[in-house]
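To start, the structure itself, in structure tokens.
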Amino acid sequence: MMTHLHALDSYVLSVLPQKLSGSFILDVGCGRGEWGSLLRARKERLHLVGVDIWRPHLRRLCKRKVYDELIQIKAPKLPFKDKSFDISLACEILEHLDKDDGYELLKELERISRKMIVVSTPMNWFQTEIYGNSYERHVSKWRPQEFTSLGFKVMTISSISGLQRPKILSKVIMRFLYRFPQVDLIIAHKTFG
Numbered sequence: 062m063m064t065h066l067h068a069l070d071s072y073v074l075s076v077l078p079q080k081l082s083g084s085f086i087l088d089v090g091c092g093r094g095e096w097g098s099l100l101r102a103r104k105e106r107l108h109l110v111g112v113d114i115w116r117p118h119l120r121r122l123c124k125r126k127v128y129d130e131l132i133q134i135k136a137p138k139l140p141f142k143d144k145s146f147d148i149s150l151a152c153e154i155l156e157h158l159d160k161d162d163g164y165e166l167l168k169e170l171e172r173i174s175r176k177m178i179v180v181s182t183p184m185n186w187f188q189t190e191i192y193g194n195s196y197e198r199h200v201s202k203w204r205p206q207e208f209t210s211l212g213f214k215v216m217t218i219s220s221i222s223g224l225q226r227p228k229i230l231s232k233v234i235m236r237f238l239y240r241f242p243q244v245d246l247i248i249a250h251k252t253f254g
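Be aware that the sequence shown starts at 62, since it is given in this note's numbering, and climbs by one per residue.
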């Protein structure tokens, strides 16, 4: 999705197992393929499946050959058999669904995942349609407690316009950065077995 914030990358990747070789991984809301590209950069043999609702993203990704399979679907329903993926990612997708659909997606991820689910979502950043893609609108807000109550381990990070916020900023930099919104992000993961 267009809401991909690079401040997330190292945090999300840090909760994944060290070795992924041979894993079947699902990327829900694969958007422009950021997570698929990051996983491919590890040079491990993976089977990556990307799903997204917006056809233009999928057409572009077909040319890049990041994913082994690309499927156009509308979440929350996922057309996969029970326990068909080792790891399921839903990074920066929940905020694009209403709460009921978001909870349904989390249930679906549990149904299809054998080892791990990783989700991320901003807590306080709302955006509207981008580049003619109405699916980019944020329609729900999530809180860490909503994930912990479902058995997820949660970490939160703060960033400014997608940049990780340094601990010490000079007054000059702070005067410039106050114009940019602070984005608080949730990264939640759940392991099985």
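Where is the CB? At the ideal position from N, CA and C, for every residue including glycine.
Note that the coordinates shown come from a computational prediction; the quantities given were computed from them, not determined experimentally.
- Between Lys-202 and Ala-249, the gap from beta carbon to beta carbon reaches 8 Å or more.
- A Cβ-Cβ contact shorter than 8 Å links Pro-137 with Leu-158.
- No Cβ-Cβ contact shorter than 8 Å links Ile-86 with Phe-141.
- In the three-state reduction of the DSSP assignment, Glu-105 falls in the coil class.
- In terms of Cβ geometry, Leu-119 and Leu-131 form a close pair [threshold 8 Å].
- Just measuring C-alpha positions, the residue of Trp-115, Glu-207, Arg-175 and Ala-151 sitting nearest Leu-74 is Ala-151.
- One thing to note: Thr-209 has its Cβ no nearer than 8 Å to the Cβ of Leu-246.
- In the DSSP assignment, Asp-161 falls within the unbroken alpha helix (DSSP H) covering 160-173.
- Burial check for Asp-161: the Cβ neighbour count within 10 Å stays below 16, so the residue is exposed.
- Distance between His-199 and Lys-135, taken at the CA atoms: about 15 Å.
- In this chain, the alpha helix (DSSP H) harbouring Gln-206 covers 205-209.
- Secondary structure of Lys-126 (DSSP, three-state): coil.
- Looking at the DSSP output, Ile-132 bridges to Val-112.
- Between Ser-181 and Glu-153, the CB-CB gap stays under 8 Å.
- Distance from Lys-80 to Met-177 at the Cβ level is roughly 13 Å; contact not present, criterion being Cβ atoms closer than 8 Å.
- Burial of Asp-88 is indicated by the presence of at least 16 other C-beta atoms within 10 angstroms of its C-beta.
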